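Peer 1:
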Amino acid sequence: MNDMQTTMMQLPLNLSHFLDRAGKLFGAQEIVSRMPDKSLHRYTYADFYRRARLLAEALTRAGLKPGDRVATLMWNHYAHYETYFGAIVAGGVLHTLNLRLAPEDIAYIADHAGDRFLIVDDVLLPLLDQFKDKVNFERIIVVPLNGEPVTGGYDDYEEFLKTASGDFEYPQMDENAPCAMCYTSGTTGRPKGVVYSHRSQVLHSLVQAMPDAIGMSGHDVLLPVVPMFHANAWGVPYTAAMLGVKMVFPGPHLHPDDLLPLLESERVTLSCGVPTIWLAMRQILADNPGKWDLQPGLRLTVGGSAVPEALIRDFAQHDIEILQGWGMTETSPLATVSRPVALRGDLDEDERFKVRSMQGYPIPLVDVRAFNDEEEAPWDGNTVGEIQVHGPWITGSYYGVPVSEENFSDDGWLRTGDVASIDGLGLMKISDRTKDIIKSGGEWISSVDLENAIMGHPAVQEAAVIAIPHPKWAERPLAVIVLKPGESVTEADIKTHLAKHFVKWMVPDAYDFVESIPRTSTGKFLKTALREQYQDWKWDDVAA
Ligand code: ADP
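Laid out in structure tokens, this is it:
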């Protein structure tokens, strides 16, 4: 017998274990979903377990073979949660389609992935109508959320589940077999597919749950605002099932006016979403002091774009803790979190907020480095470089695309396209995406730093800063600002505010006060659209 044979049992890391745990250990736990008519659907993990297994069996009876794609076009609710596991334990590959993309982009993505089955919300059929002729779905299964019979020759999800007997054995899946896929939003070029494995998602969940990562436990009540089509809802559905977390799904109602009563009535302890959601909620909380009795110590995991320090401070005043996470569709997505580390135990309050507004240190099993030209940037908190990342839940390639220098380093690290510095304790601070950097007179200006500072002005609701071509300096920053209702400030006020934080040449020369800032399909500020909008900007009147 060799040493390899005398170690531990060689069992594959498999998501079917999470489903079984959820059903067998946490059957009494509740899952709440807000329906399109705003009523609440309630059932338990026992129901979820039974139905996810029925779905797996029904898909198998309908011809699903290991590796087949099961696409979803769905909001966040119980049936999407069932599909997250049902499609996967049947050996299929869950492919979450982003319902906020243009119909032709959804068609391209579904076609490129080779989607065979589609599970779609009835309320999204009008969207499906706009692209279904361009995709070869073999079978379309409709979830009857609004209680009306399913028509149009599609399968009714509830009837489909009835084709199963309840007697189902999971196929044996290798831990490296694909379980899910998700496409990047493709703000530059065509969207690219990322394929996750059972192993990557099991490991991601184990580490994500750690107290020093996002800290999720079976005592939590979780409301995922992040859509289940955005980077696996940041992986939280798998982690929640592993732990038996009470789920509160918001359905299609994602406005803070709808979220706040749900956070209150279901006693939510943990939520997650992009900063724009919480910026809007900040205003509503400020306008209605004491109106909602939220669970004390409510935690929000916020990421997808940089989280302004002012937002973290404002929520702290409402006893709501914001934890910033950084990652990408390519990184499952969690790679770093912004917890003040033990080695900085002596930080004062201001310094702690500073750390929280950084993107933080890598979670276990992930390595991060910054690269400047051919060299690794020193960890001095100052030198910036492109972030490269490495780990068992970081993609090693894009689906159907040859591995290229553009996306991966020679030694196999993912090139993220994010520019950041790393300090002596390994805390990362993103200053930009490469494509958003402002290059002024040979120097780089961080649009993220400017935005955060502008959003720290008490009259400002939101701000985005973009580069505008400039005849003398190559590029100069322009700030696009949305003020809080009823506020009026001038360009000069904002400049004075910025002068406290930045040297003069970094302060934007131009300001535009607008009603709203365009958003991406995942709710981030859409800088490509802003750059187009301001492409004819004239600097004539501005001091050069
Ligand atoms: P996309 O934004 O292209 O739709 P992703 O949701 O995968 O796709 O976004 C990944 C990108 O989001 C990262 O490369 C980074 O630029 C940005 N990002 C994510 N989290 C943060 C964060 N906490 N701070 C700053 N940027 C972030």
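For the numbering used here, count along the sequence shown from 1 and bump the result up by 483.
Where is the CB? At the ideal position from N, CA and C, for every residue including glycine.
The structure displayed is predicted, hence computed values, not measured ones.
1. Taking all protein chains shown into account, do 16 or more other C-beta atoms lie within 10 angstroms of the C-beta of alanine 511, making it buried, or fewer, making it exposed?
2. Could you give the distance in angstroms between the alpha-carbon of threonine 566 and the alpha-carbon of asparagine 559?
3. At a threshold of 6 Å, does methionine 841 count as lining the ligand ADP (C-beta to nearest heavy atom)?
4. Under a Cβ-count criterion, where at least 16 other Cβ atoms within 10 Å of its own Cβ denotes burial, should leucine 888 be classed as buried or exposed?
5. Output yes or no for whether 7 Å exceeds the beta carbon distance between leucine 848 and histidine 801.
6. With three or more C-beta pairs closer than 8 Å as the rule, is the segment 708-719 touching the segment 535-554?
7. For leucine 753, which residues in the same chain have their Cβ closer than 6 Å to its Cβ, ignoring the five residues on either side in sequence?
8. With DSSP collapsed to three states, give me the class of leucine 498.
9. With a threshold of 16 other CB atoms inside 10 Å of the CB of alanine 1026, please say whether the residue is buried or exposed.
10. Under a Cβ-count criterion, where at least 16 other Cβ atoms within 10 Å of its own Cβ denotes burial, should alanine 950 be classed as buried or exposed?
11. Do glycine 575 and methionine 656 have their CB atoms nearer than 7 Å?
12. Using CA coordinates, which residue listed in Glu926, Gly864, His940 and Lys645 is at the minimum distance from glycine 909?
13. If you run the structure through DSSP and keep just helix, strand and coil, what is alanine 1026?
14. In the segment 620-676, which residue ranges form an unbroken beta strand (DSSP E) of at least 3 residues, counting only runs that do not cross its ends?
15. Where does threonine 555 land, buried or exposed, given buried means 16+ other C-beta within 10 angstroms?
16. Would you call the segment 720-727 in contact with the segment 678-691, where contact means no fewer than 3 C-beta pairs closer than 8 Å?
17. Using the C-alpha atoms, what's the distance from cysteine 662 back to isoleucine 571?
18. Quick one: is glycine 786 buried, meaning 16 or more other Cβ sit within 10 Å of its Cβ, or exposed?
19. By the three-class DSSP mapping on this structure, what secondary structure does histidine 984 have?
20. Near tryptophan 927, which residues of its chain fall below 6 Å by C-beta distance, leaving aside the five closest residues on each side in sequence?
21. Looking at glutamine 807 and the ligand ADP, is the gap between the Cβ and the nearest heavy atom below 6 Å?
22. On the DSSP letters alone, give me the boundaries of the beta strand (DSSP E) that tyrosine 528 sits inside.
23. State whether the segment 871-888 contacts the segment 929-946, with contact taken as three or more CB pairs (one from each stretch) at a distance under 8 Å.
24. Taking all protein chains shown into account, decide if proline 954 is buried (16 or more other Cβ within 10 angstroms of its Cβ) or exposed.
25. Does DSSP put glutamine 766 in a helix, in a strand, or in coil?
26. Which whole-angstrom value is the C-beta distance of alanine 562 and tyrosine 640, which I expect to be below 8 Å?
27. When you compare the segment 611-622 with the segment 743-752, are there three or more beta-carbon pairs, one atom per stretch, that lie closer than 8 Å?
28. Rank Leu806, Met764, Arg504 and Asp1019 by C-alpha distance to the C-alpha of glycine 843 and give the top, closest one.
29. When DSSP labels each residue in this structure, what does histidine 524 get in the three-state scheme?
30. Between which two residues does the beta strand (DSSP E) carrying glutamine 871 extend?
31. Since threonine 899 and methionine 811 are thought to touch, with beta carbons under 8 Å apart, how far apart are those beta carbons, to the nearest angstrom?
32. Taking the alpha carbon of valine 963 as the point to measure from, which residue in Ile977, Thr917 and Phe798 has its own alpha carbon closest?
33. Can you tell me whether glutamine 1018 is buried or exposed? The criterion is at least 16 other CB atoms within 10 Å of its CB, across all chains shown.
34. Which first and last residues belong to the beta strand (DSSP E) in which serine 516 is found?
35. In chain order, which continuous runs of the beta strand (DSSP E) of length 3 or greater are located wholly inside the segment 908-989?
Peer 2: From the atom records:
1. exposed
2. 11 Å
3. no
4. The sequence shown places glutamate at residue 888, rather than the leucine named in the question. Flag for glutamate 888 reads exposed.
5. Inclusion of leucine 848 and histidine 801 in the CB contact set at 7 Å is not warranted, their separation being larger than that value.
6. no
7. Asp703, Leu705 and Arg782
8. helix
9. Model confidence at alanine 1026 stands at a pLDDT of 47, short of 50, so the residue's coordinates are unreliable and nothing is read from them.
10. buried
11. no
12. Distance check between glycine 909 and each of Glu926, Gly864, His940 and Lys645 places Gly864 closest, using alpha-carbon atoms only.
13. Low confidence applies to alanine 1026: its pLDDT is 47, below 50, so where it sits in the model is not reliable, and the reading given next is rough at best. In this structure, alanine 1026 counts as coil in the three-state DSSP scheme.
14. 622-626 and 661-666
15. buried
16. At 8 Å Cβ cutoff, the stretches touch.
17. 6 Å
18. Result: buried.
19. If DSSP states are grouped into helix, strand and coil, histidine 984 belongs with coil.
20. Ile920
21. The answer is yes for glutamine 807.
22. Element bounds for tyrosine 528: not the beta strand (DSSP E) but the alpha helix (DSSP H), 528-544.
23. no
24. Proline 954 comes out exposed.
25. helix
26. Contact check for alanine 562 and tyrosine 640: beta-carbon distance about 6 Å, within the 8 Å limit, so the pair qualifies.
27. Contact between the segment 611-622 and the segment 743-752 is absent, because fewer than three Cβ pairs lie under 8 Å.
28. Leu806
29. strand
30. 867-873
31. Indeed, because the Cβ distance is near 6 Å, the residues count as touching under 8 Å.
32. Ile977
33. With fewer than 16 other Cβ atoms from the protein chains shown falling within 10 Å of its own Cβ, glutamine 1018 counts as exposed.
34. 513-517
35. 911-916, 921-923, 926-928, 943-953 and 957-966
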